[in-house]
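Worksheet: the structure to be examined is printed underneath.
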Amino acid sequence: MGTTERRLLFEKVNAPIAEGERIAILGASGQGKSTLLRILSLLDVPDDGDILWKGTSYLDSDPRAWRMRMSYVAQQPVMLAGSVEDNLKTVHLLHRTPYDQKLALLLLAGMGLEGLDIHKRASDLSGGEKQRISLIRSMMLRPKVLLLDEVTASLDRTNARLVEQQLTEWSKQEGISLVWVTHDQEQARSFSTTTWFMGNQTLLERESTSLFFAHPNTELARQFILHPAPEADKENPCPSSH
Ligand SMILES: Nc1ncnc2c1ncn2[C@@H]1O[C@H](COP(=O)(O)OP(=O)(O)OP(=O)(O)O)[C@@H](O)[C@H]1O
Ligand SMILES: [Mg+2]
């Protein structure tokens, strides 16, 4: 192959996700982390290769049913029309599943939103509030795998920790797998059982989280752990994200 050859993302990647596994995806910007999550939820189509759910190819599966099992939660949340409660209810109407208000209130409280008026217009919420509502909306559909794209990026540390604890508990309680892209290494160490490290625009390492941080196999991962990209000021999230 010549050097001008188009680069491929994730060549020869083989990565199983076990039931209840909590995976942190780490890697510098532009490595393909979001693209990987979007492919897993069939929002982007791979040029080659296959994705299997319990042995069945995505090509032989109904995309709607697939996304009910593997649900993508975007970094930039999209609110539906109406109130906060409408947002939580509408997805159940669409999927014809019962809406559990008790669970909604429990999850809201668990994520630091106990004081939020659920009759408030969703479009009036702050960026961090929208992010948590979008996450709760997905959790309530009870997918088997939650694909989380920097879902605490707009939150202060205290609320980010609450979300982290809630998701870990949810995963343990419901046997749900988490595949969570984060730039926060402390967060990755605390919630994940496994780390996928992306570098050179592919999946470079797949290792238990404790082993990954103690003994990274590649120089790229070693440098990444030593010199993480400067993070946004978590105590004072950027007002423009609200
Ligand atoms: N099908 C594709 N083939 C080749 N390159 C692609 C394809 N789809 C996306 N890309 C490119 O891959 C790169 C990775 O993008 P992506 O958004 O997945 O990165 P990321 O790791 O999530 O970065 P960030 O941390 O900034 O969110 C981008 O440069 C994007 O344009
Ligand atoms: Mg991304």
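Residue 1 is where the sequence shown starts when you use UniProt numbering, and the numbers rise one by one after that. Ideal Cβ placement from N, Cα and C applies to all residues, glycine included.
Does the Cβ of alanine 232 have 16 or more other Cβ atoms within 10 Å, making it buried, or fewer, making it exposed?
With a pLDDT of only 44 at alanine 232, under the threshold of 50, the placement of this residue in the model should not be trusted; the figure read from the coordinates follows. Counting Cβ neighbours within 10 Å, alanine 232 comes out exposed, since fewer than 16 surround it.
Any heavy atom of ligand 2 nearer than 7 angstroms to the CB - residues listed:
Lys33, Ser34, Gln75, Asp149, Glu150 and Val181
Could you tell me which of Thr158, Ser71, Trp170 and Glu21 sits nearest to serine 134, measuring between CA atoms?
Ser71
For the beta strand (DSSP E) containing residue 274, name the first residue and the last one.
Outside the displayed range of the chain (1 to 242) lies residue 274, so it cannot be described from this structure.
For a quick check, are the C-beta atoms of methionine 140 and lysine 33 less than 8 angstroms apart?
no
Should serine 154 be counted as a contact of ligand 1 given a C-beta to heavy atom distance under 7 angstroms?
no
Burial state of valine 45, where buried means 16 or more other Cβ atoms lie within 10 Å:
exposed
Run of the beta strand (DSSP E) containing valine 145, from where it starts to where it stops:
145-149
What is the DSSP secondary structure of tyrosine 99, counted as helix, strand or coil?
coil
Pairs of beta-carbons, one from the region 17-25 and one from the region 190-209, closer than 8 angstroms: are there three or more?
yes
Whether glutamine 101 touches glutamate 150 by CB criterion (8 angstroms):
no
What residue from Leu125, Lys172, Ala214 and Gln31 has the CA that sits closest to glycine 82's CA?
Leu125
Distance, serine 61 Cα to glycine 55 Cα:
11 angstroms
Just checking glutamine 165 against ligand 1 - is the residue's beta carbon closer than 7 angstroms to any of the ligand's heavy atoms?
no
Taking DSSP's pairing of strands, which residues face serine 83 in a bridge?
Arg121
Would you mind sorting lysine 89 into buried or exposed? The rule is 16 or more other CB atoms within 10 Å of its CB.
buried
Leucine 162 versus valine 73: straight-line alpha-carbon distance, rounded
17 angstroms
Kindly identify the DSSP beta-bridge partner or partners of tyrosine 72.
Leu147
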